[in-house]
Amino acid sequence: MLDIKLIRSHPEEVKAAIAKKGEGFPVDELLELDAQWRGILQQVEELKARRNVVSQEIGRSGGKGEQAQAAIAEMRQVGERIKAMDEQARELEAKIQDLLLRIPNLPHESVPVGASDADNVEVSRWGKPREFAFTPKPHWDLGTNLDILDFDRGAKIAGARFSVVKGWGAKLHRALVSFMIDLHTQKHGYVEILPPYMANTQSLVGTGQLPKFGEDMFKVEDHDLYLIPTAEVPVTNLHRDEILDVEQLPLYYVGFSASFRSEAGSAGRDTRGLIRQHQFDKVELVKFVKPEDSDAELEKLVNEATEVLRQLELPYRISQMCTGDLGFTAAMKYDPEVWLPSYDRYVEISSCSNFRDFQARRANIRFRRVKGQKAEFVHTLNGSGLAVGRTLAAVLENYQNADGTITVPEVLRPYLGGLKVIG
RNA sequence: GGAAGGGUGGCCGAGCCGGCCGAAGGCGGCAGUUUGCUAAACUGUAGUAGGGCAUAAACCCUACCGAGGGUUCGAAUCCCUCCCCUUCCGCCA
Numbered sequence: 027m028l029d030i031k032l033i034r035s036h037p038e039e040v041k042a043a044i045a046k047k048g049e050g051f052p053v054d055e056l057l058e059l060d061a062q063w064r065g066i067l068q069q070v071e072e073l074k075a076r077r078n079v080v081s082q083e084i085g086r087s088g089g090k091g092e093q094a095q096a097a098i099a100e101m102r103q104v105g106e107r108i109k110a111m112d113e114q115a116r117e118l119e120a121k122i123q124d125l126l127l128r129i130p131n132l133p134h135e136s137v138p139v140g141a142s143d144a145d146n147v148e149v150s151r152w153g154k155p156r157e158f159a160f161t162p163k164p165h166w167d168l169g170t171n172l173d174i175l176d177f178d179r180g181a182k183i184a185g186a187r188f189s190v191v192k193g194w195g196a197k198l199h200r201a202l203v204s205f206m207i208d209l210h211t212q213k214h215g216y217v218e219i220l221p222p223y224m225a226n227t228q229s230l231v232g233t234g235q236l237p238k239f240g241e242d243m244f245k246v247e248d249h250d251l252y253l254i255p256t257a258e259v260p261v262t263n264l265h266r267d268e269i270l271d272v273e274q275l276p277l278y279y280v281g282f283s284a285s286f287r288s289e290a291g292s293a294g295r296d297t298r299g300l301i302r303q304h305q306f307d308k309v310e311l312v313k314f315v316k317p318e319d320s321d322a323e324l325e326k327l328v329n330e331a332t333e334v335l336r337q338l339e340l341p342y343r344i345s346q347m348c349t350g351d352l353g354f355t356a357a358m359k360y361d362p363e364v365w366l367p368s369y370d371r372y373v374e375i376s377s378c379s380n381f382r383d384f385q386a387r388r389a390n391i392r393f394r395r396v397k398g399q400k401a402e403f404v405h406t407l408n409g410s411g412l413a414v415g416r417t418l419a420a421v422l423e424n425y426q427n428a429d430g431t432i433t434v435p436e437v438l439r440p441y442l443g444g445l446k447v448i449g
């Protein structure tokens with residue numbers, strides 16, 4: 027959410043910044059409603075001030091006598107007007123609030139301007155895609171042949187885009203989770219969080235999934251609950267409506283959870299394998315920082331997320347999202363992408379964003395620099411560290427052998443009882 | 001799911017037969033006084049949000065006692081609905 031005061035004072039700048047994201051927004055309509063609201067507010071507050079004064083007089087006089095009776099009759103009229111105007115003001119305010127919640131975040135000044143993912147900028151590469159002496163198989167074939175992935179039965183149980191991970195595959199998956207969480211807690215100083223897998227409307231408004239993107243989630247019937255599309259939601263909302271001590275910052279959390287996405291609008295894309303599922307596990311990094319630190323914290327976050335790939339020795343590159351590909355909530359975003367032989371290209375395996383105060387304003391997460399001073403909004407950031415299903419796919423494909431077996435990456439062996447090869 | 005009791009300022013806690021209650025008192029906070037330093041004591045001070053207001057300070061107004069409605073000239077206080085917490089019972093991993 028943007029600051030309405032910023033929009034009032036710099037409407038043209040706001041419009042221009044939104045346009046860079048390739049989106050339009052009725053800023054003028056919003057300002058018109060805002061002006062109406064303030065007009066009514068002034069009038070109704072005057073009436074309330076008068077009613078307060080007169081009511082006190084009535085109280086002092088005991089409500090007896092002609093004068094008091096007249097005052098009571100008059101205030102009854104005033105009360106009617108107040109009620110009607112309050113209703114108008116409420117309606118306007120609700121509209122304004124709804125509009126504010128639908129305005130995208132403004133891009134960071136430094137983000138390259140572009141229309142789509144075609145204009146994203148590769149900022150770095152690490153490792154080299156392996157040259158296979160044989161034709162590499164996609165992970166869905168490898169996994170099925172080894173009987174560690176079962177897509178048919180996943181479909182039987184729950185439908186398309188669900189899968190079952192089995193035996194050494196499940197163990198390898200669990201090893202990846204432990205490895206990632208251990209790395210982030212032990213080396214990067216994150217606090218481990220196991221959050222609720224469902225969240226209420228307010229939480230989803232806080233991180234920006236609602237009100238605009240309800241269709242992308244699974245809603246629980248008869249409850250104000252959604253299956254979380256990412257641990258970002260519960261973990262960021264840990265501090266909703268809180269004022270943090272400045273000494274607490276920066277706060278680093280590593281949340282682990284399943285993530286549930288309806289994938290509405292992705293029909294026909296990535297239909298094979300683990301790449302695009304309705305449910306996948308993810309290790310998520312979330313930071314709460316002081317505003318002046320968030321730019322540097324984003325760089326650090328990308329480095330922490332990709333440390334997983336370096337230790338797994340998986341080749342990757344980092345793309346910086348252009349203004350047109352930032353999405354609704356991000357001011358700046360880097361996507362680490364892992365090399366996937368079956369796709370013959372780099373595939374997104376993480377997404378690291380700086381939201382600045384966009385989420386903090388929605389979720390009302392603040393901090394106080396000095397006691398007695400006004401609280402300020404924190405900046406929030408998050409990034410996958412990493413998406414576990416995609417990492418599993420990348421490990422299977424990049425570590426496959428000619429005979430269809432999988433070599434276990436060095437760093438994972440301690441988690442698998444020293445196992446060197448699956449198959 | 002059933003029964004009972006609760007949700008008041010940073011925290012504890014009074015008020016709850018309607019008006020002088022933004023709200024006693026205590027703790028904590030902040031600024032002073034005293035003191036070689038600390039502690040203690042004493043004095044003073046202090047909520048949040050929105051609007052007036054394009055802007056700093058000041059000032060004024062409005063709202064806020066879990067949330068939303070209602071009654072009333074006037075609601076922390078009365079009525080209704082909902083949410084949350086605690087305890088007991090039932091059920092359950």
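Numbering (the numbering used here), first residue to last: 27 to 449.
Glycine included, each C-beta is placed from N, C-alpha and C at the ideal position.
Fair warning: this is a prediction, and the values are worked out from it, not measured in the lab.
Please work out which residues of its chain come closer than 8 Å, Cβ to Cβ, to residue 388, disregarding the five sequence neighbours upstream and downstream, and give them in chain order. 27, 127, 231, 232, 233, 234, listed in sequence order.
Quick check on DSSP: helix, strand or coil for residue 44? helix
Which residues does DSSP pair with residue 378 in a beta bridge? 360, 409
Quick one: is residue 397 buried, meaning 16 or more other Cβ sit within 10 Å of its Cβ, or exposed? Residue environment: residue 397 is assigned as exposed (fewer than 16 neighbouring CB atoms within 10 Å of its CB, all protein chains considered).
Taking the alpha-carbon positions, what's the residue 80 to residue 108 distance? 14 Å
Considering residue 142, what are the terminal residues of the beta strand (DSSP E) in which it resides? Where residue 142 is concerned, there is no enclosing beta strand (DSSP E), given that its DSSP letter is neither H nor E.
Just to confirm the assignment: which complete beta strand (DSSP E) runs, minimum length 3, are found wholly within the segment 309–360? 342–346
Residue 393: first and last residue of the uninterrupted alpha helix (DSSP H) it sits in: Note, residue 393: premise wrong, no alpha helix (DSSP H); beta strand (DSSP E) at 391–394.
Could you check how far apart the C-beta atoms of residue 377 and residue 410 are, in whole angstroms? I think they sit under 8 Å. 6 Å
What are the boundary residues of the beta strand (DSSP E) that includes residue 268? 268–271
Could you check if residue 68 is buried or exposed, using at least 16 other CB atoms within 10 Å of its CB as the buried criterion? exposed
Residue 239 - DSSP class collapsed to helix/strand/coil: coil
Which first and last residues belong to the alpha helix (DSSP H) in which residue 168 is found? That run of the alpha helix (DSSP H) goes 165–171.
Quick check on residue 111: does DSSP put it in helix, strand or coil? Secondary structure at residue 111: helix, using DSSP grouped into helix, strand and coil.
If you scan the segment 153–209 from start to end, which runs of the alpha helix (DSSP H) of 4 or more residues do you find wholly inside it? 165–171, 177–183, 193–208
Looking at the strands, I want to know which residues DSSP matches up with residue 219. 281
Beta-ladder partner(s) of residue 403, from DSSP: 392
Which whole-angstrom value describes the C-beta separation of residue 393 and residue 269, a residue pair presumed to lie in contact below a C-beta threshold of 8 Å? 6 Å
Name the DSSP beta bridge partners of residue 365, please? 372
Between which two residues does the alpha helix (DSSP H) harbouring residue 260 extend? 258–262
Going by DSSP, name the residue or residues bridged to residue 224. DSSP lists 253 as partners of residue 224.
Taking buried to mean at least 16 other C-beta atoms within 10 Å of its own C-beta, is residue 386 buried or exposed? buried
For residue 278, which residues of its own chain have a beta-carbon under 6 Å away from its beta-carbon, when the five flanking residues on both sides are left out? 215, 216, 313
Mapping the DSSP letters down to three states, classify residue 287 as helix, strand or coil. It is coil, neither helix nor strand.
To the nearest angstrom, report how far apart residue 291 and residue 171 are at their CA atoms. One alpha carbon belongs to residue 291, the other to residue 171, and they sit about 31 Å apart.
Hey, residue 285 and residue 332: beta-carbon distance below 7 Å or not? no
C-alpha distance - residue 174 paired with residue 252, whole-angstrom precision: Whole-angstrom Cα-Cα distance: 30 Å.
Assuming residue 352 and residue 137 form a contact by the criterion Cβ under 8 Å, report the distance between their Cβ atoms to the nearest whole angstrom. Confirmed, about 7 Å.
Does residue 384 come out as helix, strand or coil in the three-state DSSP assignment? Here residue 384 sits in helix by DSSP.
Do residue 280 and residue 165 come within 7 Å of each other at the CB atom, strictly closer than that value? Cβ atoms of residue 165 and residue 280: not closer than 7 Å.
With DSSP as the reference, identify every bridge partner of residue 426, one or two as the case may be. 432
Under the three-state DSSP convention, the category residue 83 falls into: Correct three-state label for residue 83: helix.
Can you have a look at residue 212 and say buried or exposed, based on whether 16 or more other CB atoms are within 10 angstroms of its CB? Sixteen is the threshold: since fewer than 16 other Cβ atoms of the shown chains lie within 10 Å of the Cβ of residue 212, the residue is exposed.
Should the segment 98–112 be called in touch with the segment 150–166, which here means at least 3 C-beta pairs below 8 Å? no
Looking at the structure shown, is residue 229 part of a helix, part of a strand, or coil, going by DSSP? helix
Between which residues of its own chain and residue 222 is the CB-CB distance below 6 Å, once the five residues before and five after are set aside? 260
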